[in-house]
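In this note's numbering, the protein residues as written are 95 to 424. Note that CB positions come from ideal geometry on N, CA and C, so glycine has one too. Owing to the predicted nature of the structure, the values given are computational and were not obtained by experimental measurement. Taking it in order: structure first as structure tokens, then the write-up.
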Amino acid sequence: MRKSFVVGAALMLGALLPASAQERVTLQLKWVTQAQFAGYYVAKDKGFFKAEGLDVTIKPGGPDIAPPQVIAGGGADVIVEWMPAALAAREKGVPLVNIAQPFKRSGMMLTCRKDSGVATPADFKDKTLGVWFFGNEYPFMAWMAKLGLKTDGSPGGVKVIKQGFNVDPLIQRQAACVSTMTYNEYWQVIDAGLKPEDLVVFNYTDQGVSTMEDGLYVLEQRLSDPAFVARMAKFVRAAMKGWDYARANPDEAAKIVLENDTTGAQKEHHQKRMMGEINKLTAGSNGKLDPADYERTVATLLGAGGEAPVISKKPVGAWTHAIVDAAGLK
95 MRKSFVVGAA LMLGALLPAS AQERVTLQLK WVTQAQFAGY YVAKDKGFFK AEGLDVTIKP
155 GGPDIAPPQV IAGGGADVIV EWMPAALAAR EKGVPLVNIA QPFKRSGMML TCRKDSGVAT
215 PADFKDKTLG VWFFGNEYPF MAWMAKLGLK TDGSPGGVKV IKQGFNVDPL IQRQAACVST
275 MTYNEYWQVI DAGLKPEDLV VFNYTDQGVS TMEDGLYVLE QRLSDPAFVA RMAKFVRAAM
335 KGWDYARANP DEAAKIVLEN DTTGAQKEHH QKRMMGEINK LTAGSNGKLD PADYERTVAT
395 LLGAGGEAPV ISKKPVGAWT HAIVDAAGLK
């Protein structure tokens, strides 16, 4: 009863606060408006941020937007980023710190045409593979290093083509395999006319090279400010409430995402399907990064080696539980 009273009082207080009195937070997403980020849009739409006294601006990403660069330039307070890209940025001088991890599992895959002759990872040799860049290539490079395959196109290795954020190279037979996510590009392949039985799918988790995705990151120096820590605790608490709501109400969550898509590019069927897949990746997470997941990601990246290692040494201070603990998340 007391918990209900406190939540109700918080909602009332948030509704009464004028916009000028609310604390502003800018969130930079990793990609465009879609169900991948439903928890944040739900938290805003349902008033969870406002109940915490926050005025949150959600900035969509895109192919030319690198969240670490945005936050380094002062364009965001907090960003959604994959851990490999965040750790690589940290080593290069952008001191990102993981403050929460809504995603518990990786959705990354390599999807191949069966008629290309790929049946196992051993068949990648001398094949052309589509890979995303802008920081998304790091898990792939780590995997190829583990397999002992060079990525410079030399004989006995693999030829890498820079894949746009689509699956055209696979459909047009320009590549034997392309990068896909369980919740997005794989279904683009299916929608393009290929059937599951036409494909061979390699999930990064099954291959032992999965890394953490879609964590929340801030700049390390800002964590020395108690006011900022308190504001981020409110943000994370409301965001996780949004993710809980999205799992319990997937169709409504997908609708909220569509309402926030100013481009009109997203379609209801695809977003509902994506919401179902995203919920599988966030299930079981209370926002608190599991140190074992972090250590596995670091080990994968350190093991990459190769011509251009993702990180050259084990990071120090790259994550904290201070925010989720302050938010009371258990």
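Presumed contact (8 Å Cβ cut-off) between residue i and residue j, rounded CB distance
i    : j    : result
V225 : K256 : 7 Å
P161 : K124 : 6 Å
V172 : V119 : 7 Å
N380 : M334 : 7 Å
A236 : G397 : 6 Å
A137 : G378 : That pair is no contact at about 19 Å.
K408 : V392 : 6 Å
Contacting residues, own chain, Cβ-Cβ under 7 Å from residue i (five flanking each side not counted)
i    : result
I417 : I193, A194, V323, M326, A327 and V330
A412 : L181, R184, V191 and N192
I405 : L181, A182, E185, L395 and L396
R316 : F322
F227 : K256
E291 : none
L243 : F218, K219, G251 and V252
A421 : A327, V330 and R331
K208 : D292, L293 and V294
Close beta carbons around residue i, own chain, < 6 Å, minus the five adjacent residues each side
i    : result
F197 : E307, D308, L375 and T376
V188 : P162 and A166
A286 : I265
V351 : A129, A132, Y135 and Q365
P154 : L123, V126 and T127
D419 : none
Y311 : I173, E175, A180, L190 and N192
M354 : Note on residue identity: the sequence assigns Asn, not Met, to residue 354. Closer than 6 Å at the Cβ level, and outside the excluded window around N354, lie T127 and Y135.
A347 : A132, V136, A340 and M369
T274 : M203, T205 and Y280
Buried or exposed by the 16-neighbour rule on C-beta atoms within 10 Å, applied to residue i
i    : result
P263 : buried
K361 : exposed
D387 : buried
H364 : buried
P157 : exposed
S200 : buried
E175 : buried
G358 : exposed
D139 : buried
R96  : A caution first: R96 carries a pLDDT of 38, below 50, which makes its placement in the model too unreliable to give a value.
A342 : exposed
T151 : exposed
T356 : exposed
V318 : Going by the sequence as given, residue 318 is Ser instead of Val. Classification of S318: exposed, given that the 10 Å Cβ count is below 16.
V410 : exposed
Short Cβ contact (8 Å threshold) for residue i with residue j
i    : j    : result
G141 : A340 : no
A170 : Q128 : no
T205 : Y298 : no
E371 : T276 : yes
V252 : M238 : yes
M202 : P249 : no
N278 : M368 : yes
F427 : P215 : In the structure displayed, the chain extends from 95 to 424; residue 427 sits before or after that span and is not available.
L288 : V254 : no
D338 : K366 : no
V303 : K240 : yes
Chain-order list of residues whose beta-carbon lies under 8 Å from that of residue i (same chain, five-residue window excluded)
i    : result
D149 : A113, Q116, E117, R118, V119 and F143
V212 : C206, F218, K221, A270, C271 and V294
T478 : Outside the shown range of the chain (95 to 424) lies residue 478, about which nothing can therefore be said.
Self-check item: Entirely enclosed alpha helix (DSSP H) segments - the stretch 151-236, minimum 4 residues
Solution: 161-166 and 177-185
Quiz item: At what residue ranges does the stretch 334-403 contain a whole run of the alpha helix (DSSP H), taking only runs of 4 or more?
Solution: Restricting attention to alpha helix (DSSP H) runs no shorter than 4 residues, the stretch 334-403 encloses them at 344-354, 362-376 and 385-396, ordered along the chain.
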